[in-house]
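In what follows, a structure is listed as structure tokens, so that the remarks can point back to it.
Put into structure tokens, the structure is as follows:
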């Protein structure tokens with residue numbers, strides 16, 4: 172099992188460009204999440220999904236959109252990138268297990284110039 | 309108010325010594341879960357240990373134990389016999405609401421982390 176994978180691993184964008192980050196999990200998890208990690212800030216939740224076809228806003232959703240068309244995939248979109256979106260982005264998933272611990276992808280480092 | 313507070317931005321510990329990383333939390337929900345994650349310099353997030361709000365005993369996983377003091381709303385991570393490979397960022401996180409219910413989002417709120425450095 173690959174677990175949670177993220178594509179791409181690194182990306183550099185210019186202000187105003189758009190891009191989509193792909194998260195895929197092969198654990199049949201219902202719940203998926205997108206976080207951003209900035210220095211000294213911990214991880215902050217951007218959007219999440221409790222099942223295929225559903226999405227909801229997290230703590231810092233502005234400037235991002237998401238889609239969960241298939242259970243195994245969760246896409247994060249930036250329509251018009253801004254330098255403030257320079258960050259490391261993590262995808263995670265979980266299930267109704269004893270702990271509900273979240274399994275994380277390796278992260279995507281995004282730089283917006 | 310912050311839901312998860314980690315007051316130690318950085319900590320040093322001698323190899324083979326024990327170290328405690330502090331975490332306090334704030335919630336009015338009677339059912340919640342507390343997690344610790346490790347993030348080495350390579351960047352991945354590694355789940356270490358979990359404590360449920362109704363668990364009677366402190367959680368332990370190998371060299372990791374969680375000192376859970378419910379009345380004080382603290383969930384400190386204790387690492388025994390520190391190793392050089394323990395050098396990393398450590399994050400405390402909380403899930404509000406019960407697990408297993410299927411009715412929640414199971415989202416986590418993270419603290420800002422503590423950078424642990426193990427000295428040989």
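Chains as they are written, first to last, in this note's numbering: chain A, 172 to 284; chain B, 309 to 428. Where is the CB? At the ideal position from N, CA and C, for every residue including glycine. Note that the structure is a prediction, hence the values are computed from the model and not measured.
Query raised in the report: At a Cβ cut of 7 Å, what residues of the segment 411-424 of chain B count as close to chain A, listed as they run along the chain?
Result: 413, 414, 415, 416, 418, 419, 420 and 421
Query raised in the report: Are the CB atoms of residue 196(A) and residue 264(A) nearer to each other than 8 Å?
Result: yes
Query raised in the report: Apart from the five residues just before and just after residue 266(A), which ones in its own chain have a Cβ nearer than 8 Å to its Cβ?
Result: 198, 199, 200, 201 and 202
**Report entry** residue 237(A) beta carbon near the ligand COA (any heavy atom closer than 7 Å)
**Finding:** Questions concerning the ligand COA fall outside what the structure shown contains, since it holds no ligand whatsoever.
Query raised in the report: Short check: CB of residue 391(B) to CB of residue 325(B), under 8 Å?
Result: no
Query raised in the report: So with Cβ pairs under 8 Å, would you call residue 352(B) a contact of chain A?
Result: yes
Query raised in the report: Can residue 245(A) and residue 194(A) be called in contact, C-beta distance under 8 Å?
Result: yes
Query raised in the report: Do we get a CB-CB distance below 8 Å when we pair residue 227(A) with the residues of chain B?
Result: yes
Requested in this report: List in chain order: all unbroken beta strand (DSSP E) runs of 3+ residues lying wholly within the segment 253-281 of chain A.
Outcome: 258-265
Report task. May I have the straight-line CA-CA distance separating residue 183(A) from residue 346(B), to the nearest angstrom? Result -> 27 Å
Report task. Compute the Euclidean distance between the alpha carbons of residue 318(B) and residue 394(B), then round it to the nearest angstrom. Result -> 13 Å
Query raised in the report: Looking at the unbroken beta strand (DSSP E) that takes in residue 385(B), where does it start and where does it end?
Result: 382-387
Query raised in the report: Considering only the beta carbon of each residue, do residue 219(A) and residue 229(A) sit closer than 8 Å?
Result: yes
Query raised in the report: Using the C-alpha atoms, what's the distance from residue 426(B) back to residue 206(A)?
Result: 28 Å
Query raised in the report: Which one of 188(A), 216(A) and 208(A) has the shortest CA to CA distance from residue 413(B)?
Result: 216(A)
Query raised in the report: Going by Cα to Cα distance, which pick from 227(A), 188(A), 212(A) and 269(A) is closest to residue 420(B)?
Result: 212(A)
Query raised in the report: Taking Cβ-Cβ distances shorter than 8 Å, what residues in chain A pair up with residue 370(B)?
Result: Within chain A, no residue comes near residue 370(B); the closest Cβ sits about 16 Å away, beyond 8 Å.
Query raised in the report: Helix, strand or coil: how does DSSP classify residue 234(A) here?
Result: coil
**Report entry** Boundaries of the beta strand (DSSP E) in which residue 227(A) is found, first to last residue
**Finding:** 225-228
Query raised in the report: If you measure beta-carbon to beta-carbon, which residues of the segment 370-404 of chain B are closer than 7 Å to chain A?
Result: 399 and 403
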